[in-house]
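Right, one structure below, let's go through it.
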Amino acid sequence: MITRPHVIFGDEPTGALDTVTARDILTLLRSCVDATGQTVVMVTHDPVAASYADTVLFLADGRIADRMQSPSADRVADRMAHLGAWA
81 MITRPHVIFG DEPTGALDTV TARDILTLLR SCVDATGQTV VMVTHDPVAA
131 SYADTVLFLA DGRIADRMQS PSADRVADRM AHLGAWA
């Protein structure tokens with residue numbers, strides 16, 4: 081992040097972290113977007129982590145099943161619970 085790449089990729093970046101460290105990482109990634117205009121592309125199964133995004137894409141069976149703008153953790157969790165119905 082020091083070199084300020086245009087895109088930062090994260091594959092479950094908070095998956096093995098405690099909640100405090102996970103929040104620190106998510107706040108850091110969010111600040112990269114807000115302060116420097118970088119793009120973060122992140123894969124996660126965690127609704128709280130997804131709630132830090134501007135846009136969430138939901139995948140089911142390898143396809144985009146839905147999209148959500150301005151997500152909250154509760155809305156993401158609800159949508160994830162019903163993904164099978166959209167596939």
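Counting from 81, one number per residue, gives the positions in the sequence shown under the numbering used here. We put the CB at the ideal spot given by N, CA and C, even for glycine.
| Asked | Found |
| --- | --- |
| Assumed close pair threonine 119, histidine 86 - CB separation to whole angstroms, cut-off 8 Å | 6 Å |
| Sequence-distant residues of the same chain with beta carbon closer than 8 Å to alanine 161, five excluded per side | none |
| Range covered by the beta strand (DSSP E) that runs through methionine 122 | 119-123 |
| Cβ-Cβ distance between isoleucine 144 and cysteine 112 below 8 Å | no |
| Methionine 148, enclosing alpha helix (DSSP H) - first and last residue | Methionine 148 -> not in any alpha helix (DSSP H); beta strand (DSSP E) instead, spanning 143-149. |
| Cβ shell of alanine 167 (< 8 Å), same chain only, five flanking positions each side left out | The predicted model places alanine 167 with a pLDDT of 49, which falls under 50 and marks its position as unreliable; any figure quoted below should be read in that light. For alanine 167, where only same-chain residues beyond five positions count, the Cβ hits under 8 Å are Ala140, Asp141, Arg143, Ala145. |
| Proximity below 8 Å, CB of leucine 109 to CB of glycine 90 | yes |
| Secondary structure of alanine 115, DSSP reduced to three states | helix |
| Close Cβ partners of alanine 102 (< 6 Å) along its chain, the five nearest in sequence each way excluded | Thr94 |
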